[in-house]
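Before any comments, here is the structure.
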Amino acid sequence: MKRPNRWRRSQRPGKFPLPHVILEDKKEVWIRCTSAITAMGITAMMERHYPGYKGHIASESYFEELKRSNQ
584 MKRPNRWRRS
594 QRPGKFPLPH
604 VILEDKKEVW
614 IRCTSAITAM
624 GITAMMERHY
634 PGYKGHIASE
644 SYFEELKRSN
654 Q
């Protein structure tokens, strides 16, 4: 079963802690990150939460565009 692209922001423990958009068809996760120190940990978070997916850091404007196009 193919899942549609989706947008998530989760605050629950064990969930991905940053706002992100998942592009299921491309196996990509676009992440909104404003801190350089947090950006350094994205690879580890991706391996834990989305193994097999490629993580990308999105600018604020591109992230908003992704959210609008994937609703």
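Using the working numbering, the first residue of the sequence shown is number 584, and each one after it goes up by one.
Here a beta-carbon is modelled for each residue, glycine too, at the ideal position from N, C-alpha and C.
Every value quoted in this text rests on a predicted model; they were computed, and no experiment measured them.
| Query | Result |
| --- | --- |
| Per DSSP, what kind of secondary structure is LYS637 in: helix, strand or coil? | strand |
| ILE614 and HIS632: beta carbons closer than 7 angstroms? | no |
| Within 10 Å of its beta-carbon, does ILE605 have 16 or more other beta-carbons around it, so buried, or fewer, so exposed? | buried |
| Does DSSP put LEU649 in a helix, in a strand, or in coil? | helix |
| Would you mind sorting MET629 into buried or exposed? The rule is 16 or more other CB atoms within 10 Å of its CB. | buried |
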